[in-house]
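If you read the sequence shown in our numbering, its first letter stands for residue 99, the second for the next number, and so on.
Quick reminder that beta carbons are idealized off the backbone N, C-alpha and C, glycines included.
Notes follow once the structure below has been shown.
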Amino acid sequence: MMDQQIDWAAKDGIHSLSWSDNQIASGLVRYWEVGEYADLMQQLDAFLETVLETSQTPFIIHERQGYQKAVRNTSSGSGYRSLAGFLPRCRQWMDLYWPQYAYGADMQLFFDCFMRHPLAGVFSPDGLAITADRAIAAGLYNNFVGCMRTEVVRRGVRKALANARANLRDQAASIGRYLGDLVSQYRRLVPVRVDFSYEQDAFDANDAMLRGGWTVTEEGVWMAVPSTLPLSTGRPETRARFDTAVAMEHRDSFFSNRRGAEKHLFERMVGHVCKLEQGGRNGANHFHCVFLIDAREQSDAEVQALKFGLGDRWRHVTNGMGMMFDCHDENYRRSVEFRHPWAIDRLDCGDAVQVARFIDYIVGYFAKDENQTVRVKPSPKAQTLTRGR
């Protein structure tokens, strides 16, 4: 049987990783388990925010009788954790690094600095090496944080992050223009709002993702290696929940070939907006979608049948892992109506107030800034927002 290779390309002296089918069958490899990826991402986000937004030094180094002693700096600043507590996790954050993917400027900063800094040498694959001198490790960590802050300025990381936030404003303007043009062409439209997501637990190995780690050779070459972490829950997570490349492939498959066997789902569809985000308790990938249907001769029963058909198509393109939530559900409507005016009923396109309320709702929901922006993409220009043609 063929060897299975992880989807990481060799890059800048980094060697890619592969597992044989025998290794997989013998249990010598490990999959990403439910919640692990999101947990590491949340920790790394907290670390990066503290590095960027504070000037704290993680450890205070004392000289005592010829020996150094590292003391945790408890002065962390209002609203921020002490950087000292993040030290043991630095090596595990490298598990999040897949060289062929495109990262936000702050995440790429961490990976680049860590792979070039002597701090990496005090870790074993599972954490701080048992033989590591704690004072030396603390001193290197202090220096590492300082180097990151220097690179923040040199690379213009804050400006890059500000530009990413500004992109949300561009998305809002783009969605508003698109919907404005669309409603001007029809007398009545039926908005169909659904969310597409994924089952939490992978059905089998094909829907899961092998977890790898990294080691560095004496020559300073970083090598991808199978993870040696012990099993946590023994429940592999569905890969598409955290691998945006797979999620985007599913989205593209859903919207492709609209003249095939399921063409009836799209015959009266005049446009759509679809946005990939990450959120929820486990920060999982999900898609917000609104489909605009020409309302002529569309009964409520036909609209409901259309929703079921869209859900079935999503499950099919995701190999059964996909789930759909109907945002017109009465219980959901009651839960949000007290905060926001309901805006996704049938549209009378001649009613300027109703149209404005609908567009404001879609723009506000699809271009919101609530820490749900996708941080890792398969390529720099991969689009999280798509619109119907």
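A direct Cα-to-Cα measurement between T313 and A322 gives close to 7 Å.
A residue is called buried once 16 or more other Cβ atoms fall within 10 Å of its Cβ, and G310 is buried on that count. Bridge pairing for P334: E131 [DSSP]. Under the 10 Å beta carbon count, E134 is surrounded by 16 or more other beta carbons and is classified as buried. In this structure P439 is exposed. Its beta-carbon is surrounded by fewer than 16 other beta-carbon atoms within 10 angstroms. In the structure shown, K373 falls within a strand segment according to DSSP collapsed to helix, strand and coil. Rounded to whole angstroms, H370 and L266 show a C-alpha spacing of 18 Å. Residue environment: R337 is assigned as buried (16 or more neighbouring CB atoms within 10 Å of its CB, all protein chains considered). By the beta-carbon neighbour count (other beta carbons within 10 angstroms, threshold 16), K373 is buried. DSSP assignment within the region 252–336 yields the following whole beta strand (DSSP E) runs of 3 residues or more, N-terminal first: 286–296, 308–314, 320–324. Under the three-state reduction of DSSP output, H362 falls in the helix class.
8 Å or more divides the Cβ of V401 from the Cβ of V255. Secondary structure note for E435: its alpha helix (DSSP H) is the uninterrupted segment 428–435. Secondary structure of N380 (DSSP, three-state): coil.
D443 sits in coil when the DSSP states are folded into three classes, being neither helix nor strand.
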